[in-house]
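Numbering (UniProt numbering), first residue to last: 1 to 345. Take a look at the structure set out below.
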Ligand code: TXA
Ligand code: MG
């Protein structure tokens, strides 16, 4: 049976565990989530403990398609309804004013709340079953804080171990996440003063958003709400990652090999560069690249290399989500590459 077809018994058991205050990992179309009952502060605290995530970093609440967003948020602007009609279920998270009765543990103490309705059939089945479809499942990506997000159930087991030897009570398997990078996050919580603000680029582009609400979202200024995915050192493998312009890849590989260093290489076209310890060719479309990206980073991380070289993708707007994640994976590793390339004295 396809992993995309939810197994009713597994869904019922997982929903029951969530209702008991346990953690359940589940697939979404973006990445796998580490879920807990959003209205149970003790359950939400388990997410922060399992991830090693600071408690002031807000979580996204996942809702069933028929959910009442008026239960979760207030002062909902018309643009939110338009975007929900256009993109839900799907990889778009909206930040709105949090309704007063929703515990602030889920939003790291902020007065806003992140809401998303995922399209993955297993996620939808779980959300429909949990509290009869009226609950919300708080879920960050199911990885340790700062690490690469998981796009398969195996990645989740690699991060946390398998139940019962794990802080997770269950892991639902829904195959490989289709989109592969986290949802686009749009802040509508300060519409009157700031307009729509793009907190995290993703599969749904600023242009697609503008086509619905008639205005291109602004980029965050210093006063925008905290988004942990916007920290510099996010989405990073353990091995340093360096972005290399296509025209320099061959020379960098050759010089690293000449210096006795082991390089792993993520390329965008096949060719012959024999001097690496591992090599992967990624698809040449933004959607294909995003779909493969995190599994590729994990594979390269396991290759025992001194550095992971990534042939830089194009910089066009449709590559924004991918380039954002690559820049964060590489954060301050450029200095590592420079040091490896320095000729020995
Ligand atoms: O695709 C996704 O969004 C995945 C799947 C599981 O749905 N989830 C995800 O969660 O990426 P997480 O926690 O890894 O990243 C969520 C981001 C964080 O950067 C968080 O700070 C931001 O959303 N966020 C959540 N609620 C927020 C709020 N009220 N205000 C500002 N940022 C918020
Ligand atoms: Mg994350």
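Just so you know, even glycine gets a beta-carbon here, dropped at the ideal spot from N, CA and C. Note that the structure is a prediction, hence the values are computed from the model and not measured.
DSSP-derived helix/strand/coil call for residue i
i: residue 73; result: strand
i: residue 215; result: coil
i: residue 353; result: Because the chain in this structure spans residues 1 to 345, residue 353 falls outside the shown range and cannot be described.
i: residue 15; result: helix
i: residue 350; result: What the structure shows of the chain is the stretch from 1 to 345, and residue 350 is not part of that stretch, so it cannot be assessed.
i: residue 326; result: helix
i: residue 288; result: helix
i: residue 268; result: coil
i: residue 313; result: coil
i: residue 238; result: coil
i: residue 321; result: helix
i: residue 24; result: strand
i: residue 334; result: helix
i: residue 301; result: helix
i: residue 5; result: coil
i: residue 223; result: Note on residue 223: pLDDT 46, under 50, position unreliable in the model; the coordinate value appears next. The answer is coil: DSSP assigns residue 223 none of H, G, I, E or B.
i: residue 279; result: strand
i: residue 47; result: helix
i: residue 362; result: Residue 362 is absent from the structure shown; the chain starts at 1 and stops at 345.
i: residue 243; result: strand
i: residue 31; result: coil
i: residue 179; result: coil
i: residue 186; result: strand
Assumed close pair residue i, residue j - CB separation to whole angstroms, cut-off 8 Å
i: residue 188; j: residue 136; result: Incorrect: roughly 18 Å between the Cβ atoms, too far for contact.
i: residue 347; j: residue 235; result: Lying before the first or after the last residue shown, residue 347 is absent from the chain, which here runs from 1 to 345.
i: residue 95; j: residue 186; result: 7 Å
i: residue 312; j: residue 245; result: 5 Å
i: residue 278; j: residue 180; result: Actually they are not in contact, since the Cβ atoms of residue 278 and residue 180 sit about 20 Å apart, beyond 8 Å.
i: residue 212; j: residue 195; result: About 14 Å; that fails the 8 Å criterion.
i: residue 243; j: residue 330; result: 5 Å
i: residue 217; j: residue 324; result: In fact, because the Cβ distance is near 14 Å, the residues do not count as touching under 8 Å.
Closer than 7 Å: residue i CB and nearest the ligand GDP heavy atom
i: residue 31; result: With respect to small molecules bound, the structure shown includes the ligand TXA and the ligand MG and not the ligand GDP.
Residue i and residue j closer than 8 Å at C-beta
i: residue 72; j: residue 100; result: no
i: residue 262; j: residue 284; result: no
i: residue 106; j: residue 138; result: yes
i: residue 56; j: residue 109; result: yes
i: residue 303; j: residue 339; result: no
i: residue 12; j: residue 129; result: yes
i: residue 178; j: residue 149; result: no
i: residue 341; j: residue 256; result: yes
i: residue 93; j: residue 60; result: yes
i: residue 273; j: residue 253; result: yes
i: residue 155; j: residue 321; result: no
i: residue 310; j: residue 241; result: yes
i: residue 282; j: residue 307; result: no
i: residue 198; j: residue 206; result: yes
i: residue 89; j: residue 6; result: no
i: residue 37; j: residue 45; result: no
i: residue 32; j: residue 151; result: yes
i: residue 319; j: residue 286; result: yes
i: residue 117; j: residue 67; result: yes
i: residue 39; j: residue 103; result: yes
i: residue 371; j: residue 131; result: Not covered by the structure: residue 371. The range shown for the chain is 1 to 345.
i: residue 295; j: residue 266; result: no
Next on the checklist: Any contact between the segment 15-27 and the segment 168-175? By contact I mean 3 or more CB pairs, one from each, below 8 Å.
Outcome noted: yes
Checklist entry - Three or more beta-carbon pairs under 8 Å between the segment 139-152 and the segment 25-42, yes or no? => result yes
Checklist entry - At which residue ranges does the segment 49-124 contain complete beta strand (DSSP E) runs of 3 or more residues, listed in the order of the chain? => result 60-62, 92-98, 112-116
Checklist entry - Which parts of the segment 130-173 are runs of the alpha helix (DSSP H), unbroken and 4 residues or longer, counting only runs that do not cross its ends? => result 153-160
Next on the checklist: If contact is defined by three or more beta carbon pairs under 8 Å, each pair taking one atom from either stretch, is the segment 171-182 in contact with the segment 42-52?
Outcome noted: no
Checklist entry - Between the segment 190-204 and the segment 75-90, do at least 3 Cβ pairs fall closer than 8 Å? => result yes
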